[in-house]
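Residue numbers (my numbering): -8 to 441.
Glycine included, each C-beta is placed from N, C-alpha and C at the ideal position.
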Ligand SMILES: Cc1cc2nc3c(=O)[nH]c(=O)nc-3n(C[C@H](O)[C@H](O)[C@H](O)COP(=O)(O)OP(=O)(O)OC[C@H]3O[C@@H](n4cnc5c(N)ncnc54)[C@H](O)[C@@H]3O)c2cc1C
């Protein structure tokens, strides 16, 4: 008599929060649950209602911090162990979810990381090379190629430059119609490339041009775009984790685009580290003939008028920044910071409070709604260190804070902190720097002694 084995149903378990791992990213797990088994606590952490949970793991999949896990009762664990030991046993396999399968196939058609190489009259915006460094990291994690996208007129040389900054290959769209940036022409060419070559990730600078092209292209190809990212990473399902300040900068949100491709992100200049340039690197160039015709473009460039004033100060590109906040007490006191900046060969920046008070122009504002800076030295004078200011300067190589309040949050990111009145401390630093400069060097002293 043949023994008929009764199929054993595989237990699903219940979701459970792993203590200390939740980053309160904004209730993605709650909205992903098909049976409303997740409620959010006041602190933004999920509470799993185990009588409702069906162990579908949807919440685990969306969690960017891997803060949820599936746990089994001792009885369920016993069944799992039994199933594992009975390899010949009749195990009831889970039904494949056709919707999930179709989605996986759709997403799998997109591969590779792209960086848009922004150029004006052949001069590349540095942010493009910064993104090439981050793009290289993402491509290596995913095990795919990193491609540069170069669009312009007589810009073939920039493909070679892209290889030096880490690209494996470059898509080149070259022609007189792309001489000046015009949304219609660039979007048409860019979307043609996306449709043909299907990248999974596209990174662009959060500059005027980058923001314009990214927004219009994402709309055209019907995908998601996260602007002003400050962090980029890859999760276990090869989704791009796009971190950026949210709710006025009070929290950092990690945003995913897990149902559409490509995943598009913009990043401001100086947020990502500039990679080392490797001379003589080579790569593959893919020249693409564009469908764009001059007659079809409604916008015509008649004249270029530069808005750069002769005294234009580039806070974002400065190596030394002396910034002042509300603690400066008035516009006239910024002359003191200018003196210190002159000693260091740097420029003067400001917090938003100082800009709002009319003490400094908006171009000098550092922070979430100002410039992101990454100087060698950042000296914060009379700045409290609100999160919106910190996101714009916390990646500086060396931060020195001067504040009379010893509990000011700026000291949490400062490498050196001086608790004191800036109107005493700053003049003392200036006079010290001047006296050091006037002292003879060791070599000069040797000559005098000889
Ligand atoms: C959506 C949004 C975007 C924002 N974007 C930005 C942004 O881009 N950049 C930005 O900076 N802010 C931004 N803010 C504003 C931010 O929240 C803070 O209000 C601002 O940064 C505070 O500026 P502050 O540090 O100069 O002023 P305060 O917070 O008033 O701090 C002044 C500091 O000066 C110190 N001080 C006073 N007198 C002296 C003295 N004699 N010597 C030494 N220390 C002294 C005080 O102890 C205090 O810590 C934004 C806010 C929002 C909501």
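- When the beta-carbon positions are compared, residue 105 and residue 138 come within less than 8 Å of each other.
- Straight across, the Cα-Cα distance linking residue 191 with residue 129 is about 11 Å.
- In this structure, residue 420 has its beta carbon at no less than 7 Å from each heavy atom of ligand 1.
- For residue 325, the CB contacts under 7 Å within the same chain, skipping 5 residues up- and downstream, are 315, 319, 339, 350, 351 in chain order.
- With a cutoff of 8 Å on beta-carbon distance, residue 268 and residue 155 are scored as near each other.
- Remark: the C-beta of residue 394 is in contact range of ligand 1, defined as less than 7 Å to any heavy atom.
- The C-beta distance from residue 422 to residue 374 rounds to 22 Å, too long to fall under 8 Å, and the pair is not in contact.
- In this chain, the alpha helix (DSSP H) harbouring residue 120 covers 117 to 133.
- DSSP, reduced to helix, strand and coil, places residue 106 within a strand of the structure shown.
- Counting only residues of its own chain and dropping the five nearest sequence neighbours on each side, residue 60 has a CB closer than 6 Å to the CB of 7, 9.
- Shown here for residue 186: same chain residues with a beta carbon closer than 8 Å to its own, the five before and five after excluded, namely 212 in chain order.
- Residue 23 places its beta carbon 8 Å or farther from that of residue 43.
- Per DSSP, the continuous beta strand (DSSP E) segment holding residue 236 begins and ends at 231 to 237.
- In the three-state reduction of the DSSP assignment, residue 369 falls in the strand class.
- Pairing residue 274 with residue 122, the inter-Cα distance amounts to about 18 Å.
- When DSSP states are grouped into helix, strand and coil, residue 174 belongs to the helix group.
- In the DSSP assignment, residue 50 falls within the alpha helix (DSSP H) that extends over 49 to 53.
- Runs of the beta strand (DSSP E) lying entirely within the segment 217 to 286 and spanning at least 3 residues, in chain order: 222 to 225, 231 to 237, 242 to 246, 254 to 258, 275 to 278.
- Between residue 176 and residue 283, the beta carbon gap of about 5 Å places them in contact (Cβ cut-off 8 Å).
- Within the same chain, and ignoring the five residues on either side of residue 174 in sequence, the residues whose Cβ sits closer than 8 Å to its Cβ are 203, 204, 207, 290.
- The alpha-carbon of residue 45 is positioned some 15 Å away from that of residue 30.
- Exclusion of the five residues before and after residue 368 leaves 311, 389 as the residues of its chain whose Cβ lies within less than 6 Å of its Cβ.
- Around the CB of residue 239, fewer than 16 other CB atoms lie within 10 Å, so the residue is classed as exposed.
- A distance below 8 Å separates the beta carbons of residue 231 and residue 256.
- Of the residues 313, 334, 111, the one whose Cα lies closest to the Cα of residue 143 is 111.
- Counting the other CB atoms within 10 Å of its CB gives residue 386 a total of 16 or more, which places it among the buried residues.
- In the DSSP assignment, residue 410 is bridged to 394.
- Secondary structure remark: continuous alpha helix (DSSP H) runs of at least 4 residues inside the segment 333 to 371, in chain order: 343 to 347.
- For residue 325, DSSP assigns no beta-bridge partner whatsoever.
- Judged by beta-carbon spacing, residue 172 lies beyond the 8 Å limit of residue 140, meaning their Cβ atoms are not closer than that value.
- Not one heavy atom of ligand 1 lies closer than 7 Å to the C-beta of residue 305.
- Boundaries of the beta strand (DSSP E) around residue 161: 160 to 165.
- With a threshold of 16 other beta carbon atoms within 10 Å, residue 295 falls short and is exposed.
- Set against 7 Å, the gap from the CB of residue 38 to the closest heavy atom of ligand 1 is not smaller.
- Bounds of the beta strand (DSSP E) holding residue 143 are 137 to 143.
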